[in-house]
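Student:
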Amino acid sequence: MLHLYDTVTREVRELQMRQQGKLDIYLCGPTVYGPPHLGHGRATLVYDILRRYMEWSGVSVRLVSNITDIDDKIIDRANRENRPWNEITHKCESVWFDAMGALGVLRPTDVPHATEYVGQMVEMISELMSRNAAYTTDDGVYLDVKSVPDYGLLAHQSLDDMLSGGGDREVLGAAQKRSAADFALWKFSKPGEPSWPSPWGEGRPGWHSECVVMSLELLGEGFDLHCGGADLRFPHHENERAQAVALGKQFARHWMHNGFVVDTEGEKMSKSLGNVANLLDLVQHYDPRAYRMLLLQTHYRSPVKVGQDNIDASVNALAGLDGFADRMSKASLPSSEPDVETIARFREVMDNDLDTTGAMAHIFDAVRRSNIAIDEGNGGQASALSLAVLQMCSALGLELRAAAEVDAATMQRASDLDAARAAKDFATADVIRNELQAAGFVVESTKDGTRVRRA
RNA sequence: GGCGACGUGGCCGAAUGGUUAGGCAUGGGCCUGCAAAGCCCCGUAACCGGGUUCGAUUCCCGGCGUCGCCUCCA
Numbered sequence: 095m096l097h098l099y100d101t102v103t104r105e106v107r108e109l110q111m112r113q114q115g116k117l118d119i120y121l122c123g124p125t126v127y128g129p130p131h132l133g134h135g136r137a138t139l140v141y142d143i144l145r146r147y148m149e150w151s152g153v154s155v156r157l158v159s160n161i162t163d164i165d166d167k168i169i170d171r172a173n174r175e176n177r178p179w180n181e182i183t184h185k186c187e188s189v190w191f192d193a194m195g196a197l198g199v200l201r202p203t204d205v206p207h208a209t210e211y212v213g214q215m216v217e218m219i220s221e222l223m224s225r226n227a228a229y230t231t232d233d234g235v236y237l238d239v240k241s242v243p244d245y246g247l248l249a250h251q252s253l254d255d256m257l258s259g260g261g262d263r264e265v266l267g268a269a270q271k272r273s274a275a276d277f278a279l280w281k282f283s284k285p286g287e288p289s290w291p292s293p294w295g296e297g298r299p300g301w302h303s304e305c306v307v308m309s310l311e312l313l314g315e316g317f318d319l320h321c322g323g324a325d326l327r328f329p330h331h332e333n334e335r336a337q338a339v340a341l342g343k344q345f346a347r348h349w350m351h352n353g354f355v356v357d358t359e360g361e362k363m364s365k366s367l368g369n370v371a372n373l374l375d376l377v378q379h380y381d382p383r384a385y386r387m388l389l390l391q392t393h394y395r396s397p398v399k400v401g402q403d404n405i406d407a408s409v410n411a412l413a414g415l416d417g418f419a420d421r422m423s424k425a426s427l428p429s430s431e432p433d434v435e436t437i438a439r440f441r442e443v444m445d446n447d448l449d450t451t452g453a454m455a456h457i458f459d460a461v462r463r464s465n466i467a468i469d470e471g472n473g474g475q476a477s478a479l480s481l482a483v484l485q486m487c488s489a490l491g492l493e494l495r496a497a498a499e500v501d502a503a504t505m506q507r508a509s510d511l512d513a514a515r516a517a518k519d520f521a522t523a524d525v526i527r528n529e530l531q532a533a534g535f536v537v538e539s540t541k542d543g544t545r546v547r548r549a
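Residue numbers (my numbering): 95 to 549.
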């Protein structure tokens, strides 16, 4: 049984499912107005790991993750570049899914777009109006947060405390708001801006309204888990929840938030600080699995520093694992089942708040035990352990790669090398090895012959 | 100002009131004709000051430092 830290209760507790064996998750997706950055990558990777682990555990997962394809930022960019706004959103969405594909992130089971749910959003806002929880101003429709008694549940701060602070922050929106914490449900459009009809005037939905409508629409009341980056905890998730409460509806029953990606100085990467690193660069310059590896070796709630050293270490660790997969695939081991105890222990570790760092330690341990078994000629043990390793990695979305088959000519040179060694003609053997290495191969001579693979 | 997190060996990064995290890097060894791969070993880690305790990196208090949230943000 998976136990997860819950942002509301601030404790690790069992993740309960409305329906046994079925997990319904809502993950806040991207606003498509620019390229994905490392932070987006972390969030999607963390929940991809959760999803894969649950599915591997036999749970059927429905993962709804939206695309916010109407937003002020999109309009700003369209104006700036003098392009149609939906050309930008289409382009960015396709870049997004390409990047996620490269990272090995499974496509969500549902990808609702905000623009497809505007009608339902208008209905929801009408309901809020009729319940006296919303009001109009010159520039839009706002939720009256005073109508939500436990507003601040996720922020862990009372409304008064939140309003008293803030320092140098500017309260955005209308001066006409009843309270500074009130937020826009509907924004009236200016001429030329994309807009939809509503009883209050032409406009577009507010960000917080999209997710509450789409999550309730697709998953229904009291769905199992709502997740996203820690920066969405407040105000976004707080405000989604506030709307649901004001509607008299039960919202998510468990809240999960992942930690930030920080730069080498330890500061959060954010667009406003300008220290974001583009995810596309990472995916292009490194084995994309390295990012998953790095995240697996960090707890999902801790900040993670992504830098050259870190990525390099992950690349090297991955190379070790791939080398192991390669060794096992060529060792002609007897067939067997994955080692039961090793798998059981893995579950135990993972069920404790997705302890992937512990799980990785456990996997490395199984690799070592498997290597020892093969060195000792215990093929059955080696096979059971290596199958367990592959299964555990796969449960985390980490696909190990045995080296690709090499061409026949190279295989012939490897045989030549072995022949030379057998004849104790080491000079020739060294020449052949140098030749193969120069051609970019890793050459490993063992009792069972020489293994050649691409570096 | 309010709320919260964190400060671990060269780097990254966990758990934990007392006995090995793990990865990467470095060094030594075994194996090997030499390599590579694999395995083994070493590293005398816990920001500072008090306190609780037989015993604290782990709990409490205080300090210092870093970071996050308090309506752009994964």
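Note that CB positions come from ideal geometry on N, CA and C, so glycine has one too.
Please name the residue in 255, 351 and 480 whose C-alpha comes closest to that of residue 321.
Tutor: 351
Student: Excluding sequence positions up to five away, which residues of its chain have a Cβ less than 6 Å from the Cβ of residue 496?
Tutor: 419, 420 and 423
Student: Once DSSP output is grouped into helix, strand and coil, what is the label at residue 280?
Tutor: strand
Student: Specify whether the segment 204–217 and the segment 143–158 touch according to this definition: at least 3 beta carbon pairs, one from each stretch, less than 8 Å apart.
Tutor: yes
Student: Just the C-alpha distance for residue 532 and residue 96, rounded to the nearest angstrom, thanks.
Tutor: 49 Å
Student: Quick one: which unbroken alpha helix (DSSP H) runs of 4-plus residues sit fully inside the segment 319–345? Chain order, please.
Tutor: 332–340
Student: Helix, strand or coil for residue 545, going by three-state DSSP, please let me know.
Tutor: strand
Student: Just to confirm, are residue 458 and residue 486 a CB contact at a threshold of 8 Å?
Tutor: No, Cβ-Cβ distance for residue 458 and residue 486 is not below 8 Å.
Student: In terms of residue numbering, what span does the alpha helix (DSSP H) encompassing residue 385 cover?
Tutor: 383–390
Student: Do you know offhand how far residue 116's Cα is from residue 308's?
Tutor: 19 Å
Student: Three or more C-beta pairs under 8 Å: does that hold for the segment 403–410 against the segment 379–387?
Tutor: Verdict: yes, contact present.
Student: List in chain order: all unbroken beta strand (DSSP E) runs of 3+ residues lying wholly within the segment 514–545.
Tutor: 535–540
Student: Buried or exposed: residue 337, going by 16 or more other Cβ atoms within 10 Å of its Cβ?
Tutor: buried
Student: Measuring only the C-alpha atoms, how far is residue 215 from residue 330?
Tutor: The straight-line gap from Cα to Cα measures roughly 16 Å.
Student: Measure the CB-CB distance between residue 551 and residue 274 and report whether it falls below 8 Å.
Tutor: Past the edges of the chain, shown from 95 to 549, lies residue 551, and the structure says nothing about it.
Student: Considering only DSSP beta bridges, list what residue 235 is partnered with.
Tutor: 230 and 280
Student: Return the CA-CA distance between residue 435 and residue 168, expressed in angstroms with no decimal places.
Tutor: 52 Å
Student: Can you find at least 3 beta carbon pairs, one from the segment 289–302 and one from the segment 227–245, that sit closer than 8 Å?
Tutor: yes
Student: Excluding the 5 residues flanking residue 105 on each side, which residues of the same chain have their C-beta closer than 8 Å to its C-beta?
Tutor: 99
Student: Taking residue 523 as the reference, give the member of 466, 530 and 514 with the closest Cα.
Tutor: 514
Student: Report the start-end ranges of each beta strand (DSSP E) in the segment 160–216 that is 3 residues or longer and not cut off at the edges.
Tutor: none
Student: Determine which residues share a DSSP beta bridge with residue 119 and list them.
Tutor: 157 and 319
Student: Measuring CB to CB, does residue 102 end up less than 8 Å from residue 294?
Tutor: no
Student: Residue 221 and residue 341 look like a contact to me (Cβ under 8 Å); what is the Cβ gap, rounded to whole Å?
Tutor: 6 Å
Student: Just verifying my parser: in three-state terms, what is the DSSP assignment at residue 351?
Tutor: strand
Student: Can you pull the DSSP bridge partners for residue 98?
Tutor: Here residue 98 is bridged, per DSSP, to 107.
Student: What separation, rounded to the nearest whole angstrom, lies between the Cα atoms of residue 210 and residue 482?
Tutor: In a straight line, the C-alpha of residue 210 is about 44 Å away from that of residue 482.
Student: Does the beta-carbon of residue 505 have 16 or more other beta-carbons within 10 angstroms, so that it is buried, or is it exposed?
Tutor: exposed
Student: Evaluate residue 528 with the Cβ neighbour count: other Cβ atoms within 10 Å of its Cβ, from every protein chain shown; 16 or more gives buried, anything less gives exposed.
Tutor: Exposed, by the Cβ-count rule.
Student: What are the start and end residues of the beta strand (DSSP E) that includes residue 297?
Tutor: 297–299
Student: Between the beta-carbon of residue 394 and the beta-carbon of residue 140, is there less than 8 Å?
Tutor: yes
Student: Expressed to the nearest angstrom, what Euclidean distance is found between the alpha-carbon atoms of residue 466 and residue 417?
Tutor: 15 Å
Student: Find out if the Cβ-Cβ distance for the pair residue 530, residue 547 is shorter than 8 Å.
Tutor: no
Student: Are the CB atoms of residue 142 and residue 491 within a distance shorter than 8 Å?
Tutor: yes
Student: For residue 356, which of helix, strand or coil comes out of DSSP?
Tutor: strand
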